[in-house]
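> Here's a structure for you.
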Amino acid sequence: MILIDLFVAFVIGLILTLIFWPRFRASGSWSNWAGLAGFLWFFILVFLASWLGGVWIAPVGPRVWGIYFFPFLLMGLLFALLLAATAPIRPPRARRQTLAEAREEPTVEEGTFVVLNFFYWILLIALLISILARYGA
């Protein structure tokens, strides 16, 4: 059962990541992570959230091949939408900037990066503990 849940969460996480990734690549916060690394980090979050929803939410919807897909899809979609809603939109560049200023990449302060990195790892560990707690119970 664990492998089936893992596979369903993987497929749903991959599909949702492919749908939502263009939005994050264009946003200011994920533009530094626009490559494969950013894609993988976003996928891991959506994948684990989908898996968490699949194991904790009561089975709802039609049963296909012995699996209820709706809880996986619901939690993955809600989590991806939450990440999309909190991603800042890059403000339009004012015409008062010089060409050199317009070409410069905006710098993220190191403190902001450390806090967001810490939050990411806490969230990742909490998702993993919640999934493992369900299978251990």
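Sequential numbering of the sequence shown, starting at 13, is according to this note's numbering. Glycine residues also receive a C-beta, built at the ideal position from the N, C-alpha and C atoms. Source: prediction; values computed, not measured.
#1: On the DSSP letters alone, give me the boundaries of the alpha helix (DSSP H) that Pro83 sits inside.
#2: Please name the residue, chosen from Trp133, Gly25, Phe130, that lies closest to Gly65 on a Cα-to-Cα basis.
#3: For Val20, does the three-state DSSP call read helix, strand or coil?
#4: Spatial neighbours of Phe6 within its chain, please: CB distance less than 7 Å, with the 5 preceding and 5 following residues excluded, ordered by chain position.
#5: CB-CB under 8 Å to Leu136, same chain, minus the five flanking residues each way: which ones, in chain order?
#6: Does DSSP put Val76 in a helix, in a strand, or in coil?
#7: Of all Cβ atoms in chain D, is any one closer than 8 Å to the Cβ of Ile143?
Straight from the coordinates:
#1: For this step, residue 83 is matched to residue 71 along the sequence shown. Counting along the chain, the alpha helix (DSSP H) containing Pro83 begins and ends at 81-98.
#2: On the sequence shown, position 53 is the one that residue 65 refers to. Per the Cα distances, Gly25.
#3: Walking along the sequence shown from the start, residue 20 turns up at place 8. Note: Val20 maps to helix in three-state DSSP.
#4: Here the chain covers residues 13 to 149 and nothing more, so residue 6 does not appear.
#5: Locating residue 136 in the sequence shown gives position 124, where the first residue counts as 1. Within the same chain, Leu136 has close Cβ partners Ile56, Leu57, Leu60.
#6: Indexing the sequence shown from 1 puts residue 76 at position 64. It is a strand residue.
#7: Here chain D cannot be found, since the structure has a single protein chain.
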